[in-house]
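Counting from 1, one number per residue, gives the positions in the sequence shown under my numbering. Cβ coordinates follow ideal geometry from the N, Cα and C atoms, glycine included. Worksheet for the structure shown next.
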Amino acid sequence: MAKLATRMLRTLAVALAAVGLAAGIVPAAHAATPGQVSTYNAAAVLSSDGQLAVQAAITFESTPPERLQQVIQTARRTAQSTEYRYTISDVTLSSGGVVLQPEIRTEASRVIIDMPTAGLTQPLLLSYVVTGAAVRDVDDETLVSWPLLQGLSVPVRQFNGVMSVPTLFTYLDCAAGEASSPESCTFYAGGNHDYPQPTFRQDGVGIGDVVIATLSFAPGQVAVNENLRQLWTAERAFSVDPLALGLAVGVAVLGALLLWLAHRKIGRDFAGAVDPILVADFEPIAAGQTEFTVIEGIRPGTIGTLVDERVDPVDVTASVLDLAVRGHLRITELPRENEHAPTDWTFTRRSSDEPLHDFERTLLDAVAPVQGDPVKLSHLPGTLASVIGTVQSELYDEVVAEGWFARRPDATRSQWGLLSWVVLVAATVGAATLIAFTSFGLLGLSLVLVALGLMFVSREMPARTATGTAVLRGLDILRGDLLTHPVSNLTADDPYRSVSTLLPYAVVLGGRDRWLTAIAQSDADGLPDSADLDWYHGPQDWHLADFPASMNNFVTTLQGTLFSR
Numbered sequence: 001m002a003k004l005a006t007r008m009l010r011t012l013a014v015a016l017a018a019v020g021l022a023a024g025i026v027p028a029a030h031a032a033t034p035g036q037v038s039t040y041n042a043a044a045v046l047s048s049d050g051q052l053a054v055q056a057a058i059t060f061e062s063t064p065p066e067r068l069q070q071v072i073q074t075a076r077r078t079a080q081s082t083e084y085r086y087t088i089s090d091v092t093l094s095s096g097g098v099v100l101q102p103e104i105r106t107e108a109s110r111v112i113i114d115m116p117t118a119g120l121t122q123p124l125l126l127s128y129v130v131t132g133a134a135v136r137d138v139d140d141e142t143l144v145s146w147p148l149l150q151g152l153s154v155p156v157r158q159f160n161g162v163m164s165v166p167t168l169f170t171y172l173d174c175a176a177g178e179a180s181s182p183e184s185c186t187f188y189a190g191g192n193h194d195y196p197q198p199t200f201r202q203d204g205v206g207i208g209d210v211v212i213a214t215l216s217f218a219p220g221q222v223a224v225n226e227n228l229r230q231l232w233t234a235e236r237a238f239s240v241d242p243l244a245l246g247l248a249v250g251v252a253v254l255g256a257l258l259l260w261l262a263h264r265k266i267g268r269d270f271a272g273a274v275d276p277i278l279v280a281d282f283e284p285i286a287a288g289q290t291e292f293t294v295i296e297g298i299r300p301g302t303i304g305t306l307v308d309e310r311v312d313p314v315d316v317t318a319s320v321l322d323l324a325v326r327g328h329l330r331i332t333e334l335p336r337e338n339e340h341a342p343t344d345w346t347f348t349r350r351s352s353d354e355p356l357h358d359f360e361r362t363l364l365d366a367v368a369p370v371q372g373d374p375v376k377l378s379h380l381p382g383t384l385a386s387v388i389g390t391v392q393s394e395l396y397d398e399v400v401a402e403g404w405f406a407r408r409p410d411a412t413r414s415q416w417g418l419l420s421w422v423v424l425v426a427a428t429v430g431a432a433t434l435i436a437f438t439s440f441g442l443l444g445l446s447l448v449l450v451a452l453g454l455m456f457v458s459r460e461m462p463a464r465t466a467t468g469t470a471v472l473r474g475l476d477i478l479r480g481d482l483l484t485h486p487v488s489n490l491t492a493d494d495p496y497r498s499v500s501t502l503l504p505y506a507v508v509l510g511g512r513d514r515w516l517t518a519i520a521q522s523d524a525d526g527l528p529d530s531a532d533l534d535w536y537h538g539p540q541d542w543h544l545a546d547f548p549a550s551m552n553n554f555v556t557t558l559q560g561t562l563f564s565r
C-alpha cells in the first residue's frame with residue numbers, strides 16, 4: 001500500500017507539472033466564481049492486476065461550497081445487452097493533511113460521495129480504488145476505460161489527469177462532455193518524449209459531465225478483472241441469430257414430423273382395402289317400396305360413438321329414442337302450464353322381451369325405472385348425473401366388443417392426453433428457462449408449439465380397426481341414403497312404423513327433418529293424433545303435423561339436459 005501511495009504522489013506531481021507545461025496554451029483565467037472548481041487534477045495508477053487507484057486534487061476558485069458531491073457510476077450497459085459492474089473501495093478524503101469524513105451512499109448502480117468542504121483553504125484530496133475497469137477486448141487485449149472525472153456537483157474550469165501504467169499501451173483515447181454523448185478531450189497524449197505517461201486535459205467541464213480515459217494493452221500485460229453480467233431483453237431472449245433461429249425452425253419441423261409419424265403409426269385408422277359394412281339399409285320389398293332394416297344388435301348410440309370416437313349427448317339422445325321406438329319406454333309430451341311455459345315430457349317404462357345392451361339397460365333404468373311413477377324430463381339432471389358416466393363407459397366397452405376399436409377410445413385419449421400435459425409442462429418450464437437465461441427463446445416457443453401439437457393430436461389417437469373402418473364407410477353410405485332416399489318409397493303402407501325405426505339413426509347421422517316431415521304430411525284427417533304413435537304420445541289436441549316441432553324440441557331439450565348435468 002505504501003508503494004501504491006508513493007506512485008500516486010509521484011503521478012500527482014507529474015499531473016501538476018503537466019498543468020504548468022500546458023499553461024502556455026490555456027486561455028487567460030476568468031474571474032473567480034464562488035463554489036466553482038478551478039482545477040481537478042486526477043492521478044491514476046493502474047496495477048498489473050487490473051486495479052485502478054485514483055487520487056484527485058480539487059482546488060476551488062475562491063470560497064468553496066458548504067458541501068461537494070461526486071456521483072460515481074458503478075454500472076455500464078452495452079449495446080449487446082450486457083452490463084459491466086464496478087466496485088468502489090478505499091474511499092478517503094483529506095485537506096491540508098487533515099482527514100475528513102465523507103458521507104458515502106451505495107445505491108444499485110452508483111456510489112454517492114458527499115464531501116464537507118465549508119471553510120477549506122487547501123486543495124481537497126479524494127482517493128478511491130476501482131475494481132472491474134480492466135475488461136476483455138477484441139483479440140484478448142485488455143481495455144481499461146474509466147471516467148477520471150464524473151458526476152461532480154459543480155463545474156470545473158480545467159481538468160488535468162495523468163495515469164501511471166505498468167507496461168506499454170497499444171491504444172489511447174480521451175472523451176469528455178455529457179455522459180450520453182462525450183466528444184474528444186481538449187488535449188491528450190502519451191507514450192512519447194514529452195508525455196511518457198498518458199496525460200489528459202479538458203477545459204470547461206460542466207456539472208455532472210465526464211472525462212473518460214481509455215487505454216488498451218497487449219494480451220497478458222494487464223489482468224482482466226471485469227464483472228460482466230448478461231441482461232435480459234426481449235431482443236436477446238428471442239434472438240434471430242442464425243444458430244438460434246435455425247434451432248427453433250429445426251425443432252418445430254422435426255416436432256411436426258414426429259407428430260405426423262406418431263399419428264400415422266398409432267392413431268390412423270386401418271389403411272388397407274376393406275369393403276363397406278352396412279349396419280342398416282333400405283331393402284326393396286315391392287315395386288317402388290322399401291323397408292328400413294338394421295343388423296341385429298347395432299344401435300344408434302354405438303354408431304354415433306364410432307363416427308366421432310366419443311360418446312356425445314346426441315348418442316345418448318338417439319339411444320333414448322331407439323329404446324322408445326323398440327317398445328321399452330313411452331315418451332309423453334305434457335300440456336304446457338301456460339303458453340309461455342317450457343314443454344316437458346315423461347318417460348314411462350313398457351314391457352318388452354327384446355334384449356338390451358348393458359348401456360341401454362343402465363340408461364333405461366335411469367329414465368324409466370321398472371317400479372314407480374313416470375319420470376319427467378325436467379327431473380332428469382339429478383337422475384342422470386349418477387349414471388351417465390356408466391352409460392358412457394359401457395358404450396365405449398360396446399364399440400370395443402364389436403371389434404371396431406382395439407382399445408377404448410376414451411382410454412387412448414386419456415393416455416395420450418396425460419402424456420401431452422406432461423410434455424407441455426416440461427416444454428413450458430424449458431421455454432421459460434431458455435427465455436430467462438439464454439438467447440434461445442424461439443427454441444423454447446418451438447418446444448411449446450410442439451407440445452400443443454401433441455395435445456391436439458392426442459385427441460385423434462384412437463384408431464379404428466379394419467372392421468371399424470369398414471363399418472364407418474358403410475355409415476357414409478347410410479348417411480347418404482338417409483339424406484336422399486325417396487320418402488314415398490318407405491312410407492307407402494305404414495309410415496309411422498317405417499319412419500320411427502330409422503329416426504334414431506337419422507338423429508345421429510343426419511336427415512331427420514325430411515323424415516319427420518313425412519310423418520307430418522301423412523296426417524290428413526284433421527283429428528287429434530295424441531296416441532297414434534305407440535312410442536310417443538302428445539297432449540289431447542296434439543296432431544301428427546306437430547310431430548316435427550315436438551321431436552326437434554325434445555331432442556334439443558334432452559341434449560341440453562345432458563350437457564347441463
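First and last residue of the uninterrupted beta strand (DSSP E) at residue i
{"i": "M115", "result": "110 to 116"}
{"i": "G441", "result": "Run containing G441: none in the beta strand (DSSP E); it sits in the alpha helix (DSSP H), 441 to 458."}
{"i": "Y171", "result": "171 to 177"}
{"i": "E226", "result": "Looking at the DSSP string, E226 is not in any beta strand (DSSP E), and its letter there is neither H nor E."}
{"i": "I72", "result": "67 to 73"}
{"i": "L52", "result": "52 to 60"}
{"i": "L100", "result": "98 to 100"}
{"i": "T106", "result": "103 to 106"}
For residue i, three-class secondary structure by DSSP
{"i": "I277", "result": "coil"}
{"i": "I298", "result": "coil"}
{"i": "I88", "result": "strand"}
{"i": "T332", "result": "strand"}
{"i": "M551", "result": "helix"}
{"i": "S420", "result": "helix"}
{"i": "H263", "result": "helix"}
{"i": "P381", "result": "helix"}
{"i": "A286", "result": "strand"}
{"i": "T568", "result": "Outside the displayed span of the chain (1 to 565) sits residue 568, for which this structure offers no information."}
{"i": "R648", "result": "Outside the displayed range of the chain (1 to 565) lies residue 648, so it cannot be described from this structure."}
{"i": "T348", "result": "strand"}
{"i": "T343", "result": "coil"}
{"i": "V375", "result": "strand"}
Span of the alpha helix (DSSP H) around residue i
{"i": "E309", "result": "Counting along the chain, E309 falls outside any alpha helix (DSSP H), and DSSP gives it neither H nor E."}
{"i": "D241", "result": "From DSSP, D241 is part of no alpha helix (DSSP H); its letter is neither H nor E."}
{"i": "F359", "result": "358 to 367"}
{"i": "A42", "result": "Where A42 is concerned, there is no enclosing alpha helix (DSSP H), although the beta strand (DSSP E) it sits in stretches over 37 to 46."}
{"i": "L395", "result": "388 to 401"}
{"i": "E337", "result": "No alpha helix (DSSP H) contains E337, which DSSP labels as neither H nor E."}
Distance, residue j Cα to residue i Cα
{"i": "N488", "j": "D529", "result": "It is Ser, not Asn, that sits at residue 488 in the sequence shown. Using only the alpha carbons, I get a separation of about 21 Å."}
{"i": "D525", "j": "T390", "result": "45 Å"}
{"i": "V325", "j": "G267", "result": "36 Å"}
{"i": "E402", "j": "I277", "result": "13 Å"}
{"i": "W421", "j": "D476", "result": "34 Å"}
{"i": "L544", "j": "D281", "result": "26 Å"}
{"i": "T465", "j": "F270", "result": "5 Å"}
{"i": "S94", "j": "V54", "result": "14 Å"}
{"i": "S446", "j": "W260", "result": "16 Å"}
{"i": "I303", "j": "A520", "result": "27 Å"}
{"i": "Q51", "j": "I88", "result": "10 Å"}
{"i": "Y496", "j": "T290", "result": "14 Å"}
{"i": "L356", "j": "A426", "result": "47 Å"}
{"i": "Q202", "j": "F159", "result": "5 Å"}
{"i": "R157", "j": "P116", "result": "21 Å"}
Any C-beta of chain B under 8 Å from that of residue i
{"i": "D315", "result": "The structure shown contains no chain B; it is built from a single protein chain."}
Item checked: Inter-stretch contact (C-beta, 8 Å, three-pair minimum) for the segment 479 to 490 and the segment 433 to 440 -> Flag = no, the segment 479 to 490 and the segment 433 to 440 do not touch.
Notebook entry, point to check: Would you say the segment 511 to 519 touches the segment 307 to 326, given that touching needs at least three Cβ pairs under 8 Å?
Noted result: No: the two stretches stay apart, fewer than three of their Cβ pairs being nearer than 8 Å.
Notebook entry, point to check: Any contact of the segment 455 to 463 with the segment 240 to 258, i.e. 3+ C-beta pairs under 8 Å?
Noted result: They do not touch, by the three-pair rule.
Margin query: I'd like to know if the segment 42 to 52 and the segment 140 to 151 are in contact, where contact means that at least 3 CB-CB pairs between them fall below 8 Å.
Written below: Yes: the two stretches touch, three or more of their Cβ pairs being nearer than 8 Å.
Margin query: Measuring CB atoms only, is the segment 413 to 431 touching the segment 226 to 240, in the sense that at least three cross pairs come out at less than 8 Å?
Written below: Taking 8 Å as the limit for Cβ pairs, the verdict is that the segment 226 to 240 does not touch the segment 413 to 431.
Next item on the list: Inspect the CB distances between the segment 67 to 82 and the segment 110 to 118 and report whether three or more fall short of 8 Å.
Entry: Output reads yes: the segment 110 to 118 touches the segment 67 to 82.
Notebook entry, point to check: In chain order, which beta strand (DSSP E) runs of at least 3 residues are fully inside the segment 126 to 214?
Noted result: Every beta strand (DSSP E) stretch that sits fully inside the segment 126 to 214 and reaches 3 residues is listed by chain position as 134 to 136, 142 to 149, 156 to 164, 171 to 177, 187 to 189, 199 to 205.
Check: Between the segment 123 to 134 and the segment 192 to 209, are three or more C-beta pairs nearer than 8 Å?
Finding: Contact annotation: the segment 123 to 134 does not touch the segment 192 to 209, with fewer than three C-beta pairs closer than 8 Å.
Next item on the list: Answer yes if the segment 464 to 473 comes into contact with the segment 297 to 314, meaning at least three C-beta pairs across the two stretches below 8 Å, and no otherwise.
Entry: As far as the Cβ criterion goes, the segment 297 to 314 touches the segment 464 to 473, which means the pair count is three or higher.
Item checked: the segment 332 to 352 touching the segment 370 to 383, judged by at least three CB pairs closer than 8 Å -> Touching, yes, given that three or more Cβ pairs across the two stretches are closer than 8 Å.
Checklist line | Ordered list of alpha helix (DSSP H) runs contained in the segment 455 to 523, each at least 4 residues | finding: Fully enclosed alpha helix (DSSP H) runs of 4 or longer: 466 to 484, 487 to 490, 495 to 509, 512 to 521.
Check: Looking at C-beta atoms only, is the number of pairs between the segment 131 to 142 and the segment 214 to 222 that lie closer than 8 Å three or more?
Finding: Under the three-pair Cβ rule at 8 Å, the segment 131 to 142 counts as touching the segment 214 to 222.
Check: Taking contact to mean at least 3 C-beta pairs separated by less than 8 Å, is the segment 187 to 207 in contact with the segment 228 to 247?
Finding: Contact fails: fewer than three Cβ-Cβ distances are below 8 Å.
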